[in-house]
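Chains as they are written, first to last, in the numbering used here: chain V, 1 to 373; chain C, 1 to 266; chain B, 1 to 368.
Step one of this worksheet: look at the structure below.
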Amino acid sequence: MRVLKFLLQKEFKQIFRNKGLLPLIFVVPFVQLLILPLAADYEVKNINISIVDQDHSSYSRHLISKITSSGYFKLAGYAPTFKEGFKQIENGQADLILEIPTGFERNLIRENQQKLFIAVNAINGVKAGLGGNYLSQIISDYNNDIRLQWIQPGRFKDAPTIQVVSSNWFNPFMNYNYFMVPGILVVLVTMVGSYMCALNIVKEKEAGTIEQINVTPIKKYQFVLGKLIPFWVIGMMVFTIGLFIVARLVYGIVPVGSVLLLYGYLAIYLIALLGLGLLISTFAETQQQAMSVAYFFIMIFMLMSGLFTPLDGMPQWAYVIAKINPVTYFIDVVRMIILKGSGFSDLVYHFTIMTGFALLLNGLAIWNYRKTS
Amino acid sequence: MELNKDNNKSLSNAGSQLSVEREVVIKTDKLTKRFGDFIATNQITFEVYSGEIFGFLGANGAGKTTAMKMLCGLSKPSSGNATIAGFDIYRQTEQIKRHIGYMSQKFSLYEDLTIVENIQFFGGIYGLSDQQLKTKSNELIETLGLQKEANKLVNSLPLGWKQKLAFSVAVLHEPRIVFLDEPTGGVDPITRRQFWDLIYQAADKGITIFVTTHYMDEAEYCNRISMMVDGEIKALDTPADLKQKYAVSSMDEVFYELARGAKRNE
Amino acid sequence: MKQFITFVKKEFYHVFRDRKSLMMLFGMPIVQILLFGFALTNEIKNAKIVICDYSNDVTTQQIINKLEASKSFEVQRVVSDHFQIEKSFKSGDIKLVIVFPENFNRDLLHLNKAQVQIIADASDPNAANTLTGYATNVIRSYQQELSSNYSAPMQIIPEVRMLYNPQLKGATNFVPGVMALVLMLVCVLMTSVSIVREKERGTMEVLLVSPINPVLVIIAKAIPYLLLSVINLAVIILMSVTLLDMPVNGNIVLLFVESILFIITALALGLLISNSVESQQSAMLISMMGMLVPTMLFTGFMFPIENMPVALQLISNIIPAKWYYIIVKSIMIKGLGFASVWKETLILTVMAAVILVISFKKFKVRLE
């Protein structure tokens, strides 16, 4: 234990003396936490609509005002012809064109039926799908309105209608920050845990000090613990600052579930990640190599963890990769505890998996980290 | 250096003639290290006696560092046997590590710790008590005359000082043997001389010194030296005997005679 | 000129002898395009849902069957207990619960209307929106089947056409973005390391004392990477077309020319980084970590730029990848010509020129 004490003293002194590393640990993450959620807002709003009104009737004007007052759409402009409207789509001013053909009002009254033409820029499929839906819904509401105007109720039998009422739990105002902030916090802790830890060990390799350590009676586990404990503590600190200062004060996110449970999971998660950092450091000879490898991992971690895009849409093989990515589980757990208030019984599976990761990664790392070659 | 010359003579006598009675602290038997097809050290066999300054010489790439790394337990031999301070090189590496000190050719103290912190750290991991650490570090700082710099970061010291400090730290825990891998590379002649004074002081305390170098003037300071060429030991004797044997007047010439046939060179 | 060619030759030797980097140069983009082209999507398939059916009659059964048949949903279980709803959400996987109240069928037949409740797990607001939309669609289409027996008067029939991407595939949106991201990262990374490496090794001094013009030294450094990037680009486009079914509706020559412009901008950025830092390590740090996040955020393929605060929208304008993304979408997918992308082209050209001039300046300062 005495040896460990000396190792820890040394590590903490070195970390807190490193002027380049400190801002990376304590400033950059929080700047990211402040900027990323502002930028990462996926809510589909501000759909730009271009309207081609060839009817110029009171009906068409009514419909248009109903659309523009719905809140979903922003009028990009009127176009005299569909071709002109299409140009607006091509140069990106409009996402959607609604064409109201000549005789819209007349045909509706005389022929009882009239078509409207909608063209959606579907390059972004999700936005297109939702935009198309919203517009169809507005048109169908409008349709009911005019029916009510013209037809006395009960004169003939209406089609049965199924009313859909939807409600959103756990985040009723659909605040996108609630979704992003906890996830980004996880990524930041991950960076500190795996990346900084790997760099730190490789630095000793590069400087040659690890050789000096290797000829001393320090045991493998002592050296490893001496490296892991400081970063474990720092990971905890970063998470705490992020959760209690940034998330709570800036974004007003208060965990619904047990904070203790959250920290319990964080503790295990950090052990798993530090194991990964250690593993990277055993493969890399220079800080540069460590950085390239860590970079690759972080890219996968960020993009294939459900942080930005849902896992459910992925093809099977990508889903498998996401499932062997420890970050996926922690992001899930953080969102579950903070937003939904899930309890331990809901998280048994997550705890089991993460404990498995911790054992596996650290086992591999220690097996791979040799004092002798 | 008068005293040292005497020392030299008595030891060299002891080394060559009275070896039976002296305690052997390093003993190797056909120690070999292969990297694939390449044989870095080829069946080297020698003995080093307690309190001796043993020079390990050879051209670049002759296999000195590889041999030394095996002796320190940093690298596993491919075949052959060796004992260090009576401990087996394969099975008892942990005990070996308690009884040796090591200083690599790359400066290997922590540059971002102060002098005192480095001393305390390395002393601490060898299990010195707080009391011992205190007296030892005061002693060491005084000997080196570093009182003013004691709380400065190591990276602010000039190279010569760093090397002296590294050596002092390597023998802080009073090991049986200290391994020095080209300790004086890139250091000016005056500092080198001072460095060797430190080595003699350590030897006087009974610490065995195992040193690699390619400065031939330094070879003269050793009690005995071995010459490695292409991974094999080509000669092993006192400097005086070697000069006599090859009928030359300096170690430079001995080295030249032996290394001329070398096939490997960097 | 002869000197210059000698230099370029030397740079080619460097690049081709460094197998590790070469593998990274070609491996990274391929892996990334595949990984992200396939895996990054906002579509949601097989979302796990729970049905809370208090009515349990013919109609609810028919709707449940319809939901099950849709590829968006996977009905996990059917319960008839309100407490199960919260529990399902809390234990994780369930994204949506659909509640049919008692007497659903009877209400529908006799009162001519019935209510169905959709509860979404809005901890992911985006998924909640999308899934609620999908479910509403399923229910509405069921209702339309019902009402086909009735002839409604004054019917407005919206005819919706999905332009460019009728199947609403995620790749159409993401691939151009990933192309921009990958080209940016690879080009910046490789060049930024190259000059610093010579600085670190001390060979740069040797070059600087030679009589060759320092600007040529820099250009010579960039040429092999330019060539490799063009090969990379060809591979990326080929993969996008063959594996990810991306169309090339516009002129492929134009696409290449615009891409080369973008590559030059990225290489210039790499040179600038290289001239500004002292170690390979900081060069890598800046070009990897520093480039990755802003490029990902501000290109616009992951998050709509128009949703961002104005300050960030302004920042997004200085990200070259944003303009390249617009160009690629216009040419590859919309099939437009140069006339519709000249503005973006001009912006990229100005960017490339400015960055190049600054990095030459920086390089010269170091000489004095």
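No residue lacks a Cβ here, since even glycine has one placed at the ideal position from N, Cα and C.
*asked:* Please report whether the beta-carbon of C:ARG98 lies at a distance below 8 Å from any beta-carbon of chain V.
replied: yes
*Cβ pair V:ALA122, V:ALA128 closer than 8 Å*: yes
*asked:* Residues in the same chain with beta-carbon distance under 7 Å from C:LEU258, minus the five sequence neighbours each way, listed in chain order, please.
replied: MET227, VAL229, LYS234 and ALA235
*Interface residues of chain B around V:GLY129 at Cβ under 8 Å?*
THR130, GLY133 and LEU168
*Measuring only between beta-carbons, confirm whether B:ASN307 sits less than 8 Å from chain V.*
yes
*8 Å Cβ cut-off: residues of chain B touching V:MET291*: GLN281, MET284, LEU285 and MET288
*Beta-carbon proximity list for C:SER10, same chain, < 8 Å, skipping 5 on both sides*: Residue placement at C:SER10 cannot be trusted, given a pLDDT of 43 that sits under 50; what the coordinates show is reported in the next sentence. Once the five neighbours on either side are set aside, C:SER10 has no close Cβ partner at all.
*From the beta carbon of B:SER340, is the nearest beta carbon of chain V less than 8 Å away?*
yes
*asked:* Any C-beta of chain C within less than 7 Å: which residues of the segment 219 to 235 of chain V qualify?
replied: none
*For C:ASN8, decide whether its Cβ has a neighbour in chain V, counting only Cβ atoms nearer than 8 Å.*
Interpretation of C:ASN8 is limited by its pLDDT of 45, a score under 50 that renders its predicted location unreliable; the figure taken from the coordinates is listed afterwards. No, C:ASN8 lies away from the interface with chain V (no Cβ there is under 8 Å from its Cβ).
*Note down the Cα distance separating C:TYR126 from V:LYS10, rounded to an integer number of angstroms.*
15 Å
_Of the residues B:ASN317, B:ILE263, B:ILE358 and B:ILE333, the one placed nearest B:LYS343, counting alpha carbons only_ = B:ASN317
*asked:* Output needed in chain order: residues of the segment 300 to 312 of chain V with a Cβ under 7 Å from some Cβ in chain B.
replied: LEU303, MET304, PHE308, THR309, PRO310 and ASP312
*Per DSSP, which residues does B:CYS52 bridge with? Please list them.*
B:VAL79 and B:VAL99
*Under a CB-based cut-off of 8 Å, is V:PHE12 close to chain C?*
no
*State the Cα-Cα distance for the pair V:MET191 and B:THR295, rounded to the nearest angstrom.*
18 Å
*Contiguous beta strand (DSSP E) assignments of at least 3 residues, all confined to the segment 83 to 157 of chain C*: 100 to 103
_Alpha carbon of B:SER147 to alpha carbon of B:THR59, nearest angstrom_ = 14 Å
*asked:* Three or more C-beta pairs under 8 Å: does that hold for the segment 192 to 204 of chain B against the segment 241 to 261 of chain B?
replied: no
_Please classify C:ALA247 as buried or exposed, where buried requires at least 16 other C-beta atoms within 10 Å of its C-beta._
exposed
*Hey, how far is the Cα of V:ILE331 from the Cα of V:SER305?*
8 Å
*Note down the Cα distance separating V:ASP41 from V:VAL224, rounded to an integer number of angstroms.*
41 Å
*DSSP three-state assignment for C:PHE210, whether helix, strand or coil*: strand
*asked:* Counting only Cβ-Cβ distances shorter than 9 Å, please list the residues of the segment 36 to 48 of chain V near chain B, keeping chain order.
replied: LEU36, LEU38, ALA39, ALA40, ASP41, TYR42, GLU43, VAL44, LYS45, ASN46 and ASN48
*Since I believe B:PRO158 is in contact with V:SER136 (beta carbons under 8 Å), could you give me their beta-carbon distance rounded to a whole number of angstroms?*
5 Å
*Residues sharing a beta bridge with B:ALA383, DSSP*: Residue 383 of chain B falls outside the range modelled here, since chain B spans only 1 to 368, and no answer is possible.
*Chain-ordered residues of the segment 100 to 129 of chain B with a beta carbon less than 8 Å from chain V*: LEU108, LEU109, ASN112, LYS113, ALA114, GLN115, VAL116, GLN117, ILE118, ILE119, ALA120, ASP121, ALA122, SER123, ASP124, PRO125, ASN126, ALA127, ALA128 and ASN129
_Less than 8 Å between CB atoms is the rule here; does V:PHE6 satisfy it with respect to chain C?_
yes
_Span separating the alpha-carbon of C:ALA59 from that of C:THR184_ = 16 Å
*Mind checking if C:SER108 is an interface residue toward chain V, Cβ cutoff 8 Å exclusive?*
yes
_So, at 8 Å on beta carbons, what are the nonlocal neighbours of C:PHE210 in its own chain, with the 5 sequence-adjacent residues on each side left out?_
ILE26, VAL48, PHE54, PHE56, MET68, LEU71, ILE177, VAL178, PHE179 and LEU180
*Within the same chain, show all residues whose beta-carbon is closer than 8 Å to that of V:TYR251, passing over the 5 residues directly before and after it, in chain order.*
PRO37, ASN177, TYR178 and VAL181
*So, do the segment 37 to 51 of chain B and the segment 186 to 198 of chain B have three or more beta carbon pairs nearer to each other than 8 Å?*
no
*Whole runs of the beta strand (DSSP E) within the segment 160 to 233 of chain V, excluding any shorter than 3 residues*: 161 to 169
_With H, G and I counted as helix, E and B as strand and the rest as coil, what does DSSP make of B:ASN165?_
coil
*Any idea if C:GLN120 is buried or exposed, counting beta-carbon neighbours within 10 angstroms, 16 or more meaning buried?*
buried
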